[in-house]
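Remarks on the structure that follows.
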Amino acid sequence: MKNILIAPSTDPCAVKDLTKYVKELEEAGADLIHCDIMDGKFVPRRTYDYMILAFIKKSTKLKLDVHLMVQNPVNVAKDYVRYGADRIIIHYEAFPDKIQLVGAIQAIKKLGVEVGVAINPKTPVKVLDSILKYVDLVLVMSVEPGQSGQKFIKDSLIKIAYLNKKRVEEGLDFLIEVDGGINSINAPIIAVSGADILVSGSAIYNAEDRAAIIKEIHGDALV
Ligand code: DX5
Ligand code: ZN
Numbered sequence: 022m023k024n025i026l027i028a029p030s031t032d033p034c035a036v037k038d039l040t041k042y043v044k045e046l047e048e049a050g051a052d053l054i055h056c057d058i059m060d061g062k063f064v065p066r067r068t069y070d071y072m073i074l075a076f077i078k079k080s081t082k083l084k085l086d087v088h089l090m091v092q093n094p095v096n097v098a099k100d101y102v103r104y105g106a107d108r109i110i111i112h113y114e115a116f117p118d119k120i121q122l123v124g125a126i127q128a129i130k131k132l133g134v135e136v137g138v139a140i141n142p143k144t145p146v147k148v149l150d151s152i153l154k155y156v157d158l159v160l161v162m163s164v165e166p167g168q169s170g171q172k173f174i175k176d177s178l179i180k181i182a183y184l185n186k187k188r189v190e191e192g193l194d195f196l197i198e199v200d201g202g203i204n205s206i207n208a209p210i211i212a213v214s215g216a217d218i219l220v221s222g223s224a225i226y227n228a229e230d231r232a233a234i235i236k237e238i239h240g241d242a243l244v
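Basically the working numbering = 1-based index in the sequence shown + 21.
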C-alpha cells in the first residue's frame, strides 16, 4: 500500500494558538502542514497572512503547503514564499482564463517552490486536462472553500479517480491532495481512489488524542 501523507489544516485553530498547535501536530505525526489563507474576497472569511506564516515556519520542521483562497494569488505568492511556503496552491477559479492560470503557475514556480492548482466542488475536473502537465499537485476541494467542519462531498471521489487515471495514462507525476470533510471513516476510500495527501482540519483539531486520529487517518491501523 502506498504511503498516504496527512496534512492537518490550520483553519480550525485560533491564530493566537497556531504555533503551539503546529508544534503539537509535528509531535503527533503529521507529515506536513496545510495553511489555509483566506482574504475575505475570494471567500467570505479572512484568516491570516504571511507574517503569521513566518511564525508557523519557525515553529516546525515540517513542510508548509499554502492554500491561497485569495482573489489575486500571484500578487501575494512571493510574500508567502519569502516567509516559509514550500508549496503554493492557487485556485483555478481565481483566473479569468487558462492562459493567465498557466502564466501564474510558471511565475510562481520561478520563485523556487512547487505549485498546485485547486478546484472547487462545482468545477468539473476536466477543465484541468490541459493544465496537468504544468503542476506539481492538484488539490481537489471536497467541500466549498471557506470553512472547516463541513461534510465531505462524495462526488469528489470521481474527480480523484479521474485524475489518478489521467496521470498514469499521460505519464505525469503531479500529486493528488484532497481537502475538506476528511476523517478516519472516509479516509480509506479517498486514499484508494488515488489521493496522495489528505488534508484534515476539524477531525484532527477536535480529537482528544491527536496522535491517535492522525494514525487512524493514515491507515496505519489497517496494515
Ligand atoms: C476549507 C479549507 C480546508 C478546511 C479543512 O476552506 O481549505 O482546509 O479547513 O477542514 P475540515 O477537515 O474540517 O473540512
Ligand atoms: Zn485548504
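Don't be surprised by glycine CBs; every beta carbon is placed ideally from N, CA and C.
Give a yes or no on whether the C-beta atoms belonging to residue i and residue j are separated by under 7 Å.
{"i": "residue 167", "j": "residue 223", "result": "no"}
{"i": "residue 182", "j": "residue 214", "result": "yes"}
{"i": "residue 49", "j": "residue 235", "result": "yes"}
{"i": "residue 69", "j": "residue 36", "result": "yes"}
{"i": "residue 58", "j": "residue 89", "result": "yes"}
{"i": "residue 33", "j": "residue 221", "result": "no"}
{"i": "residue 196", "j": "residue 176", "result": "no"}
{"i": "residue 94", "j": "residue 73", "result": "no"}
{"i": "residue 207", "j": "residue 173", "result": "yes"}
{"i": "residue 203", "j": "residue 219", "result": "yes"}
{"i": "residue 161", "j": "residue 199", "result": "yes"}
{"i": "residue 125", "j": "residue 109", "result": "no"}
{"i": "residue 40", "j": "residue 56", "result": "no"}
{"i": "residue 122", "j": "residue 159", "result": "no"}
On the three-state DSSP scale, how would you describe residue i?
{"i": "residue 153", "result": "helix"}
{"i": "residue 191", "result": "coil"}
{"i": "residue 83", "result": "coil"}
{"i": "residue 51", "result": "coil"}
{"i": "residue 229", "result": "coil"}
{"i": "residue 165", "result": "coil"}
{"i": "residue 203", "result": "coil"}
{"i": "residue 216", "result": "coil"}
{"i": "residue 179", "result": "helix"}
{"i": "residue 43", "result": "helix"}
{"i": "residue 57", "result": "strand"}
{"i": "residue 159", "result": "strand"}
{"i": "residue 35", "result": "coil"}
{"i": "residue 65", "result": "coil"}
{"i": "residue 197", "result": "strand"}
{"i": "residue 211", "result": "helix"}
{"i": "residue 234", "result": "helix"}
{"i": "residue 73", "result": "helix"}
Could you tell me how far apart the beta carbons of residue i and residue j are, in whole angstroms, since I believe they sit closer than 8 Å?
{"i": "residue 51", "j": "residue 27", "result": "6 Å"}
{"i": "residue 135", "j": "residue 107", "result": "7 Å"}
{"i": "residue 137", "j": "residue 157", "result": "6 Å"}
{"i": "residue 113", "j": "residue 75", "result": "Contact flag wrong, Cβ pair sits at about 28 Å."}
{"i": "residue 47", "j": "residue 84", "result": "That pair is no contact at about 11 Å."}
Just to check, is the beta-carbon of residue i closer than 6 Å to a non-hydrogen atom of the ligand GDP?
{"i": "residue 214", "result": "Although the ligand GDP was asked about, the structure shown includes only the ligand DX5 and the ligand ZN as ligands."}
Quiz: which residues have CB nearer than 6 Å to the ligand ZN non-hydrogen atoms
30, 55, 57, 88, 200 and 220
Inside the segment 81–154 only - alpha helix (DSSP H) runs reaching at least 4 residues
94–103 and 119–130
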